[in-house]
Amino acid sequence: MAETQKHWTLEEILEVYHTPLLELVFQAATVHRQHHNPREVQISTLVSVKTGGCPEDCGYCPQAARYHTGVENEPMMSVDSVRSAALQAQAIGASRLCMGAAWRSVKDDADFDHVIDLVKTVRELDMEVCCTLGMLNEHQAQRLANAGLYAYNHNLDTSEEYYDDIISTRSYDDRLKTLSNVRKANLTVCSGGIIGMGESVEDRCKMLLTLSQLNPIPESIPINALVAVEGTPMENIEPIPMWDIIRMVATTRIIMPQTTVRLSAGRTEMSQEGQALCFMAGAGSIFAGEKLLTTPNPDAYEDMDMFNALGLLPKRPFADGFVPEIVEEEIVAGEETKWSRPGHRIEANVQYAELGKEKRKAEKV
Ligand code: SF4
């Protein structure tokens, strides 16, 4: 579980980030070896249990209903489909199944009851279960905990300042409130961000500063590289250099030594040699399986070959000692967290929502 954290300043984090690259990788590798088994990499599989139709306007997301990306609003996956996805994930060495739903926030309705059944189903297979379902109240977090959930993912995405250029339908503070609700239910926290969305290095380091100031710090920090999807406001952004991803992984490792750094979205664009440097610099987890929610991911067998070539081993489930159990206990709905609807205007998001409307109209003709 989490450690007492050194208090980093933004200047210190920037200094780490700008360390000459090979020296940075060496320092990060040294820290990694002090706190983790460097041969072990945790494998997670991310399954979209409710795809598309999301009312939010996240500028990078193909699941936002307002953009025209070819991602359709689909019904929820059945218990049987999720069980077989979990068994397939286990077969490729995954110890954790993450289930995502394209929701703004969790509602106390039949769909959430179904998610609770999905969590229990996967937990009974002796896998770690993570959910990413949007904003979450405290009693909802507790219901998930009682169903045997291991972790809840809710990314900060970027710095508080740059966030206002990416999303207009919820605030940074909403994100932090969800993380706090997750903590109150004694769940582990998975929260990181996306790089390559046009943010500055300072924004990246400010996000790391915010994560490092959470008490306790998240047990898991995904570092995603933007996957620029056609039809989203970010469709024309060029991929960031691999060096930036390595720097970000290494800086995260040094700033927060005990957390698991997850090399997440964008791996299809990364060479195996580039990924090897990330593992060297402290990445302790990847997502395996053909898709990451709706975007492509490397073939699982290619990942196995890479593990063999690098001498890496899949980490077994619950290796960090936290073993959540299923508890049959009625949860009384508590106080609702008040979520904001900031609704400021982000030109690119508005423009792509309009384009989306026009394309849908044209398709109906
Ligand atoms: S990132 Fe999540 S909240 Fe944002 S639009 Fe996509 S599914 Fe919705």
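Residue numbering for the sequence shown follows full-length UniProt numbering, beginning at 1 and increasing consecutively.
Glycine included, each C-beta is placed from N, C-alpha and C at the ideal position.
Exercise. Are the beta-carbon atoms of His139 and Leu179 separated by less than 7 Å?
Worked result: The Cβ atoms of His139 and Leu179 lie no closer than 7 Å to each other.
Exercise. Grouping DSSP H, G and I as helix and E and B as strand, with all else coil, what is Gly196?
Worked result: Coil at Gly196, not helix or strand.
Exercise. For Lys50, which beta-bridge partners are listed by DSSP?
Worked result: Looking at the DSSP output, Lys50 bridges to Ala101.
Problem set entry | C-beta contact flag for Tyr67 and Tyr352 at 7 Å | Contact flag set, yes.
For this session: Can you say whether Lys357 is buried or exposed, counting buried as having 16 or more other CB atoms within 10 angstroms of its CB?
Result: Answer is exposed; the Cβ neighbour count stays below 16.
Problem set entry | Integer Cβ distance of Gly266 from Val229, believed to fall under 8 Å | A Cβ-Cβ separation of about 12 Å leaves Gly266 out of contact with Val229 under the 8 Å criterion.
Exercise. Once you ignore the five residues that flank Gly148 on each side, which residues in its own chain have a CB closer than 7 Å to its CB?
Worked result: Only Val119, Lys120, Arg123, Val129, Pro324, Glu325, Ile326 meet the Cβ criterion.
Exercise. Do the CB positions of Ala141 and Ala101 come within less than 7 Å of each other?
Worked result: It is not a contact, given that the beta carbons lie outside the stated cut-off.
For this session: Just the C-alpha distance for Val261 and Ile223, rounded to the nearest angstrom, thanks.
Result: Cα-Cα distance, rounded: 7 Å.
For this session: Tell me whether Thr251 sits in a helix, a strand or coil according to DSSP, three-state version.
Result: Three-state result, Thr251: helix.
Exercise. Is Ile166 helix, strand or coil when you go by DSSP?
Worked result: Looking at Ile166 - three-state DSSP - the assignment turns out to be coil, as it is neither helix nor strand.
Exercise. By Cβ distance, which residues of its chain are closer than 6 Å to Thr251, with the 5 residues on each side in sequence left out?
Worked result: Counting only Cβ-Cβ distances below 6 Å, and skipping sequence neighbours, we find Val16, Tyr17.
Exercise. Would the beta-carbon of Pro342 fall within 7 Å of that of Ser171?
Worked result: Cβ distance < 7 Å, so Pro342 and Ser171 count as in contact.
Problem set entry | Local conformation of Tyr152 per DSSP, three classes | DSSP places Tyr152 in strand when its eight states are reduced to three.
Exercise. Does the beta-carbon distance from Ala28 to Ile254 come in below 7 Å?
Worked result: For the pair Ala28 and Ile254, the CB atoms are nearer than the 7 Å cut-off.
Exercise. In chain order, what residues place their C-beta within less than 5 Å of a heavy atom belonging to the ligand SF4?
Worked result: These are the residues, in chain order, with a beta carbon less than 5 Å from any non-hydrogen atom of the ligand SF4: Cys54, Glu56, Cys58, Cys61, Gln63, Ala64, Ala102.
Problem set entry | Length-filtered (4 minimum) alpha helix (DSSP H) runs lying within the region 282 to 363 | Taking only runs of at least 4 residues, the alpha helix (DSSP H) segments lying wholly in the region 282 to 363 are 300 to 310.
Exercise. Based on the DSSP output, what are the partners of Asn224 in its beta bridges?
Worked result: BP columns for Asn224 point to Ile194.
Exercise. Which residue's Cα is closest to the Cα of Phe26: Arg316, Val115, Ala309, Ala281?
Worked result: Comparing Cα-Cα distances from Phe26 to each of Arg316, Val115, Ala309, Ala281, the minimum goes to Ala281.
Exercise. What three-state label does DSSP hand Glu238 in the structure shown?
Worked result: In this structure, DSSP gives Glu238 a state outside helix and strand, which the three-state scheme calls coil.
Exercise. Is the beta carbon of Thr337 sitting closer than 7 Å to the one on Lys177?
Worked result: Yes, Cβ-Cβ distance for Thr337 and Lys177 is below 7 Å.
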